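Novice: Here it is, the structure in full.
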Amino acid sequence: MSNYRRNYIPGGTWFFTVNLQNRQSDLLTRHIDPLRAAIKTVKRTKPFTINAWVVLPEHMHCIWTLPENDDDYSGRWREIKKTFTRAIEMRYVWQPRFWEHTIRNEQDYRRHMDYVYINPVKHGHVNRVADWPFSTFHRDVRSRLYPEDWAGDLEDIAAGEPK
1 MSNYRRNYIP
11 GGTWFFTVNL
21 QNRQSDLLTR
31 HIDPLRAAIK
41 TVKRTKPFTI
51 NAWVVLPEHM
61 HCIWTLPEND
71 DDYSGRWREI
81 KKTFTRAIEM
91 RYVWQPRFWE
101 HTIRNEQDYR
111 RHMDYVYINP
121 VKHGHVNRVA
131 DWPFSTFHRD
141 VRSRLYPEDW
151 AGDLEDIAAG
161 EPK
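Sequential numbering of the sequence shown, starting at 1, is according to full-length UniProt numbering.
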């Protein structure tokens, strides 16, 4: 078995990617309510701040900040995965492990926030970021952190690409 090295920093902020075992599935969006309930349940017992989150059919990206004296993001992911899996009464739902990146500075944070929010457009699920319902982008629009038309429209993005 591989020896994974994780960067545990009390009170740190991380970007995560978590995938389903079946990368052709729509399980996460089809079962969005049990996923949200699992996250809420874990947050109650092991608090963390959700800086950003987007759920796509077969994977999700998010950014979390943990409390000042806490670095146990692995335990939180284990509980979220376990709680969701039990709620939908399935087995072999998740790819083992997850990918994490420690946020280093404000520029790194901004770049990863943008990556989270542009992901549904990147994968062709919608033409505009604001059209994807499974994202904290809408919360950040209400908080005026992002304009509703942020990143424009897929046609606008494609028009700017070199031929």
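We put the beta carbon where it would ideally sit given N, CA and C, even for glycine.
These numbers were taken from a predicted model, which means no experiment stands behind them.
Quick one: measure Cβ to Cβ for Arg-6 and Glu-100, integer angstroms, because I've assumed they're closer than 8 Å.
Specialist: As a first step, residue 6 must be located in the sequence shown, where it is residue number 6. As a first step, residue 100 must be located in the sequence shown, where it is residue number 100. Sure, about 7 Å apart at Cβ, within 8 Å.
Novice: By the three-class DSSP mapping on this structure, what secondary structure does Leu-66 have?
Specialist: Locating residue 66 in the sequence shown gives position 66, counting from the first residue. Three-state DSSP puts Leu-66 in coil, outside helix and strand.
Novice: Spatial neighbours of Pro-34 within its chain, please: CB distance less than 7 Å, with the 5 preceding and 5 following residues excluded, ordered by chain position.
Specialist: By one-based count along the sequence shown, residue 34 stands at place 34. Taken in chain order, the residues that qualify are Phe-84, Ala-87 and Ile-88.
Novice: How should Asn-105 be labelled, buried or exposed, when 16 other C-beta atoms within 10 angstroms of its C-beta is the threshold for buried?
Specialist: Taking the first residue of the sequence shown as 1, we reach residue 105 at position 105. Exposed, since its Cβ has fewer than 16 Cβ neighbours within 10 Å.
Novice: For Lys-81, which residues in the same chain have their Cβ closer than 7 Å to its Cβ, ignoring the five residues on either side in sequence?
Specialist: As a first step, residue 81 is located in the sequence shown; it is residue number 81 there, counting from the start. Once the five neighbours on either side are set aside, the close Cβ partners of Lys-81 are Trp-94.
Novice: Just the Cα atoms here: how many angstroms apart are His-59 and Trp-53?
Specialist: Position 59 of the sequence shown, counted from the first residue, corresponds to residue 59. Position 53 of the sequence shown, counted from the first residue, corresponds to residue 53. One C-alpha to the other measures close to 11 Å.
Novice: Kindly indicate which residue of Trp-14, Arg-97, Val-121 and Ile-50 has the alpha-carbon position closest to the one of Arg-139.
Specialist: The sequence position of residue 139 within the sequence shown is 139, counting from 1. Considering only alpha carbons, the answer is Ile-50.
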